[in-house]
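Numbering-wise (the working numbering), the sequence shown opens with residue 19 and increments by one.
Take a look at the structure below.
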Amino acid sequence: MRKMLLVAAFMCASLRAQIPTGSTTRHEQSPTNASQSVNPVIEWNRTLLVIVRTAGAQPATIHSTRSFAILHAAIFDSVNNIVGGFTPYLVRLPGVSPQTSQVAAADQAAHDVLLSLYPVFQTSLDQELQQDLELIPDGKPKSDGIAVGQTVAAEILSLRANDGSGVTPPPFKSKNVPGFYRSTSPDFTPVDFTQWREVTPFAIVNARKFLPDSPPALTDKEYIQDLAEVRSIGEIDSTTRTPEQTVIGTFWGGKIQNYWNEITQTAAIAHNLNVEQSARLFALVNFAMADTTISFFEAKYV
C-alpha cells in the first residue's frame, strides 16, 4: 500500500510547479470574462460525474478514471497554454496571446473530450457548451480560446487513442489450489479489468515499479492473523465491527474516484482557486487516480 501511494507523489514531482499565490474567485485573469460566475473546471467535472453515474453510460471494460484524467489533461493544457504558469502536460502551442479566454478554452476542450468519449450525450454536451460560450463576449479572445481548446483536446485524445484501454479483457483462469483467487460467495462476481494493467499510464513510467511486497505464506502467523481479522470484521453480521467501521466500509465500497472528485471540488471552492489553479489541481488528482488504478490492477493480477 505504501508503494502504491507513491504514485501521487511521483506524478506531482513530474510537473515541477507550485500553485501560485494570490488566488481569486474570478475565473479569468483578464477583464474579458469578469461576468463569468461558474468555474468551468468544476462545472465540466460535475458533468462527467453525471455521465458516469448514468446507468449504462460508462463502458463496462473502460475504467472511468481514464475519462477523468483525459478530461482534465485537456483542460489543464488548454488553460496553461494561455497563462503559462506551469509545466505543460503534453501540448505546447506557440504564440498564444495571454488575452485569450481561459474559460472558452476550458469549455471547448472539455466539451470535445467528453463528446469523443461519450458521443450519445452529444445533445446535452452541445447545449452546455453553447450556454457557456454565450456568457463570454464575442471577439478575438473568445474565438482564440475556442481554437486553443479544440487543438489541445484533439492532441490529448490522439495521445490516448491507442493506450491499451480498448483491448478485450482476457479471461481470468482460476485454479483450485490454496492461495489462488476464486470467485467468492454469495454472488460469485467475476473478476474485471483484466486488461487494465497494460494501459499506458498518464504520469508514471511503469506500473510494475509500484508492486507491493509479496504476501506471507498461507501457513505464516501473519497470514493467519490477517485472515481472522478480515473474517471477523468483514462478516455481514459481525459482532466485532463498530457502527463507524460499517459506515466507512459502505462508503468506500463505492466508486472512489467519484468521491475524490467531489472532495476536490469542495477544496477548490473553499480555497477560492481560479481557473488556472483549479485546472492544475484536478489534473494532479485525476492523473494520480488513473495511474493508481493501473498500478492497482497490475498488483492485483500479479
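Just so it is clear, CB atoms sit at the ideal spot from N, CA and C, and this is done for glycine as well.
- CA-to-CA distance, R298 to S134, given in whole angstroms: 22 Å
- Message: In this structure, how does DSSP classify H90 when only helix, strand and coil are distinguished?
- Response: Helix, per DSSP.
- So, using beta-carbon positions, are N57 and N292 closer together than 9 Å? yes
- Confirm, please, whether the CB-CB distance from S96 to G157 is below 9 Å. no
- Give me the Cα-Cα distance between S192 and A87, rounded to the nearest whole angstrom. 32 Å
- Query: Looking at C-beta atoms only, is the number of pairs between the segment 145-153 and the segment 117-127 that lie closer than 8 Å three or more?
  - Reply: yes
- Counting Cβ pairs, one atom from each stretch, are 3 or more of them under 8 Å apart for the segment 227-243 and the segment 203-219? no
- Task: With distances taken Cα to Cα, identify the nearest neighbour of V223 among D309, H129, Q117 and G113.
- Result: D309
- C-alpha gap between P116 and L66, whole angstroms: 28 Å
- Query: Out of curiosity, what's the CA-to-CA distance linking H380 and S296?
  - Reply: The chain is shown only over 19 to 320; residue 380 falls outside these bounds and no answer can be derived.
- Task: Just tell me which of D181, H90 and I80 has its CA closest to the CA of E294.
- Result: H90
- Task: Throw me the rounded Cβ distance for the V217 and F190 pair, which I believe falls under 8 Å.
- Result: Not really, about 17 Å apart at Cβ, beyond 8 Å.
- Message: Which of the three DSSP states is assigned to A301 in this structure?
- Response: helix
- Item | Inter-residue spacing [alpha-carbon to alpha-carbon] between I154 and P188 | 48 Å
- Query: Applying the criterion that 16 or more other CB atoms from any shown protein chain within 10 Å of the CB defines a buried residue, is Y107 buried or exposed?
  - Reply: So Y107 ends up on the buried side.
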